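Each number in our numbering comes from the position in the sequence shown (counting from 1) with 2 added on. The beta carbon of each residue, even a glycine, is placed where N, CA and C say it ideally should be. Since the structure is predicted, the reported quantities are computational estimates derived from the model, not experimental observations.
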Amino acid sequence: MENPTPVMDPKRHSSWDTDILIIGSGAAGLRAALAASERADVTLITKTTLTESNTHYAQGGIAVAMNLDDTIALHIKDTCAAGVGLCDVHAVEMMVSEGIPRVAELLDWGANFDWEGALPRFTQEAAHSRRRIVHKGDATGRETTDVLIQRVLNTERIKVLQSAFAIDLLTANDAAGREETLACYGASAVVDEALVYIQARATILATGGLGRIYPCTSNPKVATGDGFAAAWRAGCEMVDMEFVQFHPTTLYLDGAPNFLISEAVRGEGGELINIRGERFMWKYHEKGELAPRDVVSRSIQSEMELTGFPCVYLDITHKPAEFIRERFPTISDTTKRYGLDISVDLIPVRPGAHFMMGGIRTNTDTETNLKGLYACGEVACTGVHGANRLASNSLLECLVFGARAGTNAAIFAESESPDYPPDIPVVDNALTSVETDLTFVEAVKAATREVLWEHVSIERNGEGLRQTLAKLQDLTVSLESLQAASVERTVETTDAVGQMPSVSPVLLQTTDVELIEAVNMLNVALMITQSALVRTESRGAHYRADFPTQNDTDWSRRVLLTQDKTPEVIAL
């Protein structure tokens, strides 16, 4: 696929404007762009390439209530059960009901999912009461993004800029003069090693996940939590950040990447066994391998500790080899490159960071607390997932709320004056940053991952969380010193409306992507750890060994974070 032409040459211009700025090219961002382009001009920027996103690597499928024995009510019930009392039922109803036409249009646009007669071939996944997962083998995400990307590239009103790393949101006081209300006017970004400002009447964050803040994850390299961090620095409300979902089965093999072994393998009859050859899931949950993800992940962790072995095994060898090759071609081909034939060999697996249930607080119209800023997909939190996402609801969420974000942002852009703040800084990109100590930056990233994995992963406790906060604060101080030394010049700003956020003025003027990523990872790690320390119970993906039970009396509530306030506990 050819690269689209950039919207502007960043070496000649330090700023440009657009009706709608969309940051991120997963299913949520792509679907938002298509919806917004029906009424506005759209600029979509993406960190690396259009195809590099969590969506692209999604294997299992899209959960949708389209099977003959399924209903919207059943899908809602299953979603809320997995969310363990923290789902926003209204948002779930919207996702499940609107998901049906969103999947239908994807099929109309040419998505080549697997079929069985006149219906898609639905498969089973954990915690679903029906076979409701539509899929393309084990490469549903790739098929979905291919279809959406093709439509985006063929839409005249959408301009795409690849290798554009968004740094921070441009914010100012609301034109209505209310000090407590911020408005978003676009973002700063690194494009071709130049710092640019993209002004927009409305901005949509669709930056995806944060799994790369952990050493073991199913996420691609781009998933370093950039959107979460930028939103937090700009003043967005963040909720449910303690709920990081760990997928039970990522490949554990010397020399192989942390490759996801789809939930669908267990849905099709795959069995988990320990190093002793014992099937163990039934002693932890009545649904065995089809228990919710948090249960399966903790059960695997327990077996690893009991046996002293660093993984367990997934066994699908009792299925015919032809079925395995047809149903799981991506997994079969990938494991074969590392010497495994999954039709005869056991698959070594262990849990890895997979999905963030929390994020930027939005309503069902995808509006944030910043005027003109919308968020959708994994970076956003409408409340549809609660404390634990139901398998294959993620792509459904992206399609539904991506479309809603695009439409609502375009309506907002039509109704608002394009009077951008007058004091966006002018950047002289001839002045370059001093070379950053990349060895130190990588050491900070590694230390962040290590301390999170030890204390803020599948099992947590108060002492470990407090140790982590102290460690993260030390790393932040070290990184701030590096930031100050890495930039030769600053850009003058005033206190007038339109000045850049004052979180870290030096950071905002650097074009060092590795340094910005390290800061983002630390910001996100801090949010997760703070929220996990506040929630003194165990629920869904959040397990506190010192508070091992679920406490519905005190904790049927949410933890809200903002940058300038202590964590707050709020009602659902």
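- Per DSSP, Ile263 is not a residue of any beta strand (DSSP E), being assigned neither H nor E.
- Remark: fewer than three beta-carbon pairs, one from each stretch, lie closer than 8 Å, so the region 278 to 289 and the region 65 to 79 are not flagged as touching.
- For the beta strand (DSSP E) assignment, the uninterrupted runs of no fewer than 3 residues enclosed by the region 233 to 317 are, from N- to C-terminal side, 246 to 253, 273 to 275, 314 to 317.
- In this structure Phe325 is exposed. Its beta-carbon is surrounded by fewer than 16 other beta-carbon atoms within 10 angstroms.
- When rounded, the separation of the alpha-carbon atoms in Val198 and Asp19 is 11 Å.
- Shown here, Asn525 sits in a helix according to DSSP, grouped into three states.
- Between Ile135 and Gly63, the CB-CB gap stays under 8 Å.
- The three-state reading of DSSP puts Gln201 in strand, counting E and B together.
- Taking C-beta atoms under 8 Å as the contact rule, Cys378 and Ala42 fail to qualify, at a distance of about 16 Å.
- Here Gly101 is not near Thr57, since their CB atoms are 8 Å or more apart.
- Fully contained in the region 17 to 54 are the following alpha helix (DSSP H) runs of length 4 or more, in chain order: 29 to 38.
- When the five nearest sequence neighbours on each side are left out, the beta carbons in the same chain lying within less than 6 Å of the beta carbon of Pro122 are those of Phe115, Val136, in order along the chain.
- Looking at the backbone, the Cα of Arg391 and that of Leu563 are separated by about 21 Å.
- By the neighbour-count definition (other C-beta atoms within 10 Å, threshold 16), Asn395 is a buried residue.
- Remark: C-beta atoms of Asp242 and Arg560 approach each other more closely than 8 Å.
- Check the Cα spacing between Glu456 and each of Val297, Cys400, His287, Gly354: the tightest is with Gly354.
- The DSSP-derived three-state label of Met68 is coil.
- When only Cα atoms are considered, Leu440 and Thr183 end up about 38 Å apart.
- If you ignore the 5 residues before and after Asp21, its C-beta comes within less than 6 Å of the C-beta of Ala42, Asp43, Arg203, Ala415, all in its own chain and listed in chain order.
- Rounded to whole angstroms, Val453 and Lys567 show a C-alpha spacing of 24 Å.
- Contact check between the region 210 to 220 and the region 332 to 340: fewer than three CB pairs, one atom from each, fall below 8 Å, which does not count as touching.
- In this chain, the alpha helix (DSSP H) harbouring Thr332 covers 331 to 338.
- For Val446, the enclosing alpha helix (DSSP H) starts and ends at 440 to 457.
- In the three-state reduction of the DSSP assignment, His544 falls in the strand class.
- C-alpha of Cys238 to C-alpha of Ala83: approximately 29 Å in a straight line.
- Under DSSP, Ala191 forms a beta bridge with Ala168, Val198.
- Annotation: the continuous beta strand (DSSP E) that includes Pro353 extends over 349 to 358.
- Collapsing the DSSP output to three states places Lys161 in a strand.
- By alpha-carbon distance to Thr45, the top candidate from Gly87, Ile200, Val386, Ser165 is Ile200.
- Beyond the five residues adjoining it in sequence on each side, Arg104 comes within less than 6 Å, by CB distance, of Leu401, Val402 in the same chain, given in chain order.
- For Arg134, the secondary structure class from DSSP, reduced to helix, strand or coil, is coil.
- Taken atom to atom, the span from the alpha-carbon of Ala141 to that of Leu109 is near 15 Å.
- In the three-state DSSP reduction, Glu369 falls in the strand class (E or B).
- The beta carbons of Thr251 and Leu372 sit about 38 Å from each other, so the pair does not count as a contact at 8 Å.
- Contact between Arg133 and Thr125 holds, with the beta-carbon distance rounding to 6 Å and staying under 8 Å.
- In the three-state DSSP reduction, Asn175 falls in the strand class (E or B).
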